[in-house]
Amino acid sequence: MDRSSLTKYAWLSIGAALGTITLKSLAYLITGSVGLLSDAAESLVNLVAAVITLVMLIIAARPADELHNYGHSKAEYFASFAEGFLILIASLGIIYSAVQRILNPQPLEQVPLGLIVSVSASLINFFVAQVLLKAGKKFNSISLEADAQHLMTDVYTSAGVLLGVGVVAVSGWSILDPIIALLVALNILRTAYALLQRSVYGLMDTALSTEDQQTVQAIFNKYRSQGVQFHALRTRQAAGRRFISFHILVPGRWSTHRSHHLAEEVEADIRKSLNGATVFTHLEPVDDPLSYQDIEIDR
-12 MDRSSLTKYA
-2 WLSIGAALGT
8 ITLKSLAYLI
18 TGSVGLLSDA
28 AESLVNLVAA
38 VITLVMLIIA
48 ARPADELHNY
58 GHSKAEYFAS
68 FAEGFLILIA
78 SLGIIYSAVQ
88 RILNPQPLEQ
98 VPLGLIVSVS
108 ASLINFFVAQ
118 VLLKAGKKFN
128 SISLEADAQH
138 LMTDVYTSAG
148 VLLGVGVVAV
158 SGWSILDPII
168 ALLVALNILR
178 TAYALLQRSV
188 YGLMDTALST
198 EDQQTVQAIF
208 NKYRSQGVQF
218 HALRTRQAAG
228 RRFISFHILV
238 PGRWSTHRSH
248 HLAEEVEADI
258 RKSLNGATVF
268 THLEPVDDPL
278 SYQDIEIDR
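Structure (structure tokens):
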């Protein structure tokens, strides 16, 4: 698939962010709720993150060149890292606003109307998040998944804020509004940490997931009955691409032609099972002691 087509999902996210910023800001102006203000602030972060995601998806879709022999797919990690950082900043701003409201409590106004507006914004985020999450998993795009997770966090925290505002409206306990805003900020901090951690792991060439590595081992097992062995397996994830390298040890009596064809079959099986996989193999004779001198490459 041409990954440049993924930018349409980033444009969808930008449109959703603009819509929710407008609605949530209106809800805050109507009610004066700092909890709803925190919701609007997170939507502003959504907009900035969506723009960054769009730019990084455009870069990641570029083909390999002389300076980037393995392509540009890692650019997606910069998008998810930037999103995590922006979420962190937003959470600190929410904490500041909540503390100020605790010190200077104010009654809420026109709560029913404000809640209706905010619920509308949350529904937009929910449906867009589901589209982005499905696309992110289908095309193995960490930036789309990060954007989707961020939007779903927005939905969950909005639900908490709306509940808090409703309780305040019924009970008259204004102090609950900034307290819930603080809880929202802590939840956003958790999301920021998860995104930053995943982004750093990707930039550090973290190995494929256990599930993916088990898929590779299952393919190896198909060929071991032919007297073939495998070692020196190394993997790394680069956003939408997977890189896998290993050594294939074949019987010494095999011809180069037969050995090469087996290597091609193994590589094809892996690429078929793992989308976006680039496979590198190295042939060695199984009965040559020199073939085992590099076994320490195994992890």
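Residue numbering for the sequence shown follows the numbering used here, beginning at -12 and increasing consecutively. Using N, Cα and C, we set each Cβ at its ideal position, and we do this for glycine too. This structure is a prediction, so every number in the text was calculated from the model and none was measured.
Report yes if the C-beta distance between residue i and residue j is below 8 Å; otherwise report no.
{"i": "LEU138", "j": "VAL115", "result": "yes"}
{"i": "ILE235", "j": "VAL203", "result": "no"}
{"i": "SER67", "j": "LEU170", "result": "no"}
{"i": "ALA168", "j": "ILE81", "result": "yes"}
{"i": "PHE233", "j": "LEU220", "result": "yes"}
{"i": "VAL106", "j": "LEU73", "result": "no"}
{"i": "LEU24", "j": "SER84", "result": "yes"}
{"i": "ALA226", "j": "TYR64", "result": "yes"}
{"i": "THR40", "j": "SER0", "result": "yes"}
{"i": "TYR210", "j": "LEU249", "result": "yes"}
I need the boundaries of the alpha helix (DSSP H) containing residue i, first residue and last residue.
{"i": "LEU73", "result": "62 to 90"}
{"i": "HIS248", "result": "243 to 260"}
{"i": "SER0", "result": "-6 to 18"}
{"i": "GLU198", "result": "197 to 211"}
On the premise that residue j lies in contact with residue i, defined as a C-beta separation below 8 Å, what is that separation, rounded to the nearest angstrom?
{"i": "LEU10", "j": "ALA146", "result": "About 15 Å separates the two Cβ atoms, so there is no contact after all."}
{"i": "ILE111", "j": "THR140", "result": "That pair is no contact at about 15 Å."}
{"i": "ALA69", "j": "SER60", "result": "The pair is not a contact, with the Cβ atoms about 16 Å apart (cut-off 8 Å)."}
{"i": "VAL253", "j": "THR243", "result": "Not confirmed; about 16 Å, so no contact."}
{"i": "ALA62", "j": "ALA37", "result": "Contact doesn't hold; Cβ gap of about 15 Å is too wide."}
{"i": "PRO165", "j": "ILE89", "result": "5 Å"}
Would you identify the three-state DSSP class for residue i, choosing helix, strand or coil?
{"i": "GLN280", "result": "coil"}
{"i": "ALA219", "result": "strand"}
{"i": "ILE235", "result": "strand"}
{"i": "GLU132", "result": "helix"}
{"i": "PHE126", "result": "coil"}
{"i": "ARG177", "result": "helix"}
{"i": "ALA51", "result": "coil"}
{"i": "ALA146", "result": "helix"}
{"i": "ARG240", "result": "coil"}
{"i": "ALA226", "result": "coil"}
{"i": "HIS137", "result": "helix"}
Could you say which of the options lies nearest to residue i if we only look at CA atoms?
{"i": "ALA133", "options": "ASN56, SER(-8) and VAL32", "result": "VAL32"}
{"i": "ALA135", "options": "GLN280, ASP281, TYR(-4) and ASP275", "result": "TYR(-4)"}
{"i": "LEU261", "options": "GLN224, LEU249, THR243 and TYR64", "result": "GLN224"}
{"i": "ALA264", "options": "LEU90, ILE8, GLY58 and LEU16", "result": "GLY58"}
{"i": "SER186", "options": "SER128, LEU54, GLN201 and GLN117", "result": "SER128"}
Start and end of the beta strand (DSSP E) containing residue i?
{"i": "GLU271", "result": "264 to 272"}
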